[in-house]
Every structure is written in structure tokens, then in C-alpha cells.
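Take 5 as the starting number for the sequence shown in the working numbering and just add one per residue. Data first, discussion second: the structure below is written as C-alpha cells.
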Amino acid sequence: MSADVRPPLESEIQHWMETTQAGFLNPPVMTPEDAAQRLEHSDLTRLQGAFDSDTGRCVATFRSFAQQVTVPGGAAVPATAVSAVVVLPTHRRRGLLREMMGRDLAAARARGEVLATLIAAEYPIYGRYGFGPATSLTEWRVEVARTGLDPKWHAPVDGGRIDLVDGAVVRKEGPALHDRLRARQPGVVDRDARWWDLHTGAARMSHAPFTEPFYALYRSAAGEVEGLVTYRADDKWTDAKVPANTATVKDLIATTPAAERALWHFLCSIDWIQYVRTGYRAPDDLLPDLFPNPRAAAVVSSADWLWVRVLDVVRALEARTYESEGTLVLEVADPAGPAGGRYRLTVTGERGACAPTTDEPDLVLGVGELSSLYLGDRSAVRLAALGAVTERTEGAAARADALLRTARRPWCPDIF
């Protein structure tokens, strides 16, 4: 059996979406209204499908869209965000993903995008295409009674305030708040108006039923919006009629430590809430140490999250800032082509200048390893110990860490 890889026709979008659903083990049912929404909010030239030559059925899907990724220093770098990657089990091992990925990365480079990004459902797949895990996450389960927080707490001690609000307020206040976070937190990606509509129920899809959550907004003493949490609560009671409810955080963004502290304290003060699931947070989140007893927060998940693929080494390395000064020559292997070569990075102050060079390399690595190091989370010294990068100059890996690693770890709060 062969398959034709091409963008789906408008008349095929519903079937394309059903194939995506099936690949993620969701009911493969879509409505014409769902298809109409996809058409309205997608660039069809960035959708791909593989269509069986005998049956005409869509057997693989691939989608990308324009994205901005914050890098160390606060710059927003243009990227192609990869999503909806599916190859049905009936058609695997035929090179369909390789063909779709190759086409998308080539188009992204031609458009001038610096990076490609994705959230990897399965770890082993995407290293083959030059991606590397660039951020990670941690989730905690907080036992409220053990936090040591004041059980009579009712308001932030800094003079700020917390208000329960509705989706309309979130759509009004949330985008600007998120943009302020994005300007300071490496790894954060942009959210368009469609994101806010879907996450507050203003837009709905039949395959993703929406249940209204709770929203709490933090304003500073000066009246500035500095934090927002979205959460849900279950309804569990013991046989002795004692509450055993859990509040599960869906999204918590804050631009100041005071806002972050106040929102977590608020969640731990809600009547009947005995446990808080934090959702996916940065691995160096302030959360556990905001409690007098950090052991009240137990890690329930720790994993890789945002994967990055550098497409343009020079623009990528010149877009971010650095923690120290120095010079490093990198030899980057990229079988797919766009990032391969030898580059000299020279950092003066916080800024780096990068250019191709014929000088002997200090460090030899694949594009996936460079991509893992790019946002400042991974350690070149550790990768060298694992045999993933090679030092040609003694101490080059430690020098790379001094340049590339960041004081706070990058974090991506979104899935796409």
C-alpha cells in the first residue's frame, strides 16, 4: 500500500480531524461544525495528511502553526510549532512522518523561522528529526493540613487582593498578563485569542466538552493584575462525612513572587479543600518553599516537556542572552541539513555574536543536543559524561555551561 502526502482539501478536513482523534485514542468522531472551526482557524498550507492510494482514506496527519518562543533575555523567537502528529497503526514504518516532518521543517526554514517546537507524546521519536528536550516539568500534590500555612488566612499580606472572576474577565485581563510573563520567562510560548476563547468556553468543540472552572485573579496593592489561576475541584467526602476534596490547577501564571505566593495560599485556604494538585510547573518552581513545611508538597510527576529543534544556528544563538563572557567553537551535526556546520560564538557582556567558521571546534554535538542546551536548562557537562557531546578542547563543556545555562530554569506552561 502507498499513500499520497499532501495538504487536505477543505472537504477532507472532518475526516483529517477524525484520523487525528483516532491516533490519540479518542473517539474518531467530528461534526461539520468542528471542521468549519478548524478551517476558520488554520492555515491549510500548514496541514498535511497521508491519503491511502487505494482507499483514499486519511491515514496520517501533521499540523504546524506560527509560534513565538521566549528565549533567555526575553526575546521572542519565531518558530514552527508542530502538533497533531499521527500515523495510524495500519500504515506505520512507511516513512510518512519522515516525509511530513521534512516538508514542514524545510518550509519553516524558508519562511525564516528560527526554531521548531513540539510536545512529545513519545520520547524516542523526535530525536531522529533533530529535536531535543529543552524544558522539563514537575507536578506536586499538596497536603494542605501539613503546609504550616495560617488556616485563618483571608487576604494577601502585601495589601493585594484576590477575586473570583468569570471567563469574560479572564479574556479581558489574561492576555496582557500572559504577555508580561512571556517577556521574562524563557520557554513560554505565545497565546492567541483563540487560545483564550477555547480555555474559557467562548469557543467550544464537540470532542472537547467544556466544564466551567473557577478563576481567581490577583491584583497588587496598586491595582495591577499580576496573577491568575484556573482550577477545578472534585466532590469527595469520607464515610465519616469529612471533606477530602482536591483542587486541581489547570493554569497558574504570575509575574511577581508576591502574586504567586498569594495564589497558592488562596488555593490552600479554600473550605473543604484537603489537597491541591499543582498542574505542570517549572522544576525549580517556588511552590514547595513557599510553605513553612515544604514536605507537604510531594512530587507526583517529573518529565521532559517542550522539545526544540534549532533551524538557524546563527540567529538562534544571537537572539538570546548569556550568563558570562567567552568564546566557543561548536561543530553541529545535522543530517537533515539546515543547522549543520561549524560556528564561533563570542559573548561580550550579555550578548553573543555568532558566525560560521573554519576554526577547530571546542565542542562537537548533534543539533538535538544543541537544541536541548539552547534555552539554558540542560548541562553540556552532563551530556559529555553521557557521551552525547564530545570535547575537543579540555573544559569546553564546562565553558558551554557557563555561557548557556540560566539562573532560573526555562518553563513552558502550555501544551499544543
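Every residue gets a Cβ at the ideal spot worked out from N, C-alpha and C, and that includes glycine. Note that the structure is a prediction, hence the values are computed from the model and not measured.
- With respect to residue 108, residue 91 sits apart: the two C-beta atoms are not nearer than 8 Å.
- For the set 380, 418, 417 and 384, the Cα lying nearest the Cα of residue 409 is the one of 380.
- In terms of Cβ geometry, residue 297 and residue 152 form a close pair [threshold 8 Å].
- Under the three-state reduction of DSSP output, residue 270 falls in the helix class.
- Contact annotation, residue 136 with residue 372: C-beta distance approximately 4 Å; criterion of less than 8 Å satisfied.
- In chain order, 251 and 280 place their CB closer than 6 Å to the CB of residue 271, counting only its own chain and leaving out the 5 sequence neighbours on each side.
- The residues 74 and 415, in chain order, have a CB closer than 7 Å to that of residue 189 in the same chain once the five nearest residues on each side in sequence are set aside.
- Note on geometry: alpha-carbon atoms of residue 397 and residue 404 lie some 11 Å from one another.
- Counting the other Cβ atoms within 10 Å of the Cβ of residue 166 gives 16 or more, which makes it buried.
- Across the set 319, 255 and 106, the C-alpha of 255 shows the shortest separation from the C-alpha of residue 192.
- Taking all protein chains shown into account, residue 363 has fewer than 16 neighbouring C-beta atoms within 10 Å of its C-beta and is therefore exposed.
- Exposed is the label assigned to residue 391, since fewer than 16 other Cβ atoms lie within 10 Å of its Cβ.
- For residue 347, the enclosing beta strand (DSSP E) begins and ends at 345–352.
- Taking 8 Å as the upper bound for CB-CB distance, residue 118 and residue 80 are not in contact here, some 10 Å apart.
- Going by DSSP, residue 184 is part of no beta strand (DSSP E) but of the alpha helix (DSSP H) stretching over 171–186.
- DSSP, reduced to helix, strand and coil, places residue 279 within a strand of the structure shown.
- Among the bridge pairs identified by DSSP, residue 10 is matched with 53.
- Under a 10 Å Cβ-count criterion, residue 154 is classified as exposed, with fewer than 16 other Cβ atoms of the shown protein chains found around its own Cβ.
- Secondary structure note for residue 204: its alpha helix (DSSP H) is the uninterrupted segment 197–204.
- Contact annotation: the region 220–229 touches the region 155–164, with at least three C-beta pairs closer than 8 Å.
- Per the Cβ contact rule, the region 19–26 is not in contact with the region 169–180 (fewer than 3 Cβ pairs under 8 Å).
- In terms of CA proximity to residue 56, 65 leads the group 50, 48 and 65.
- Taking 4 residues as the shortest admissible run, the region 367–417 contains the following complete alpha helix (DSSP H) segments, listed from N- to C-terminal end: 371–378, 384–389 and 400–408.
- Looking at the DSSP output, residue 249 bridges to 277.
- Leaving aside the five residues that flank residue 383 on each side, the residues in its chain whose CB is nearer than 6 Å to its CB run, in chain order, 405.
- For residue 192, there is no enclosing alpha helix (DSSP H), as DSSP marks it with neither H nor E.
- When secondary structure is reduced to three states using DSSP, residue 331 falls in the strand class.
- Considering only 11, 337 and 230, the residue with the shortest C-alpha distance to residue 315 is 337.
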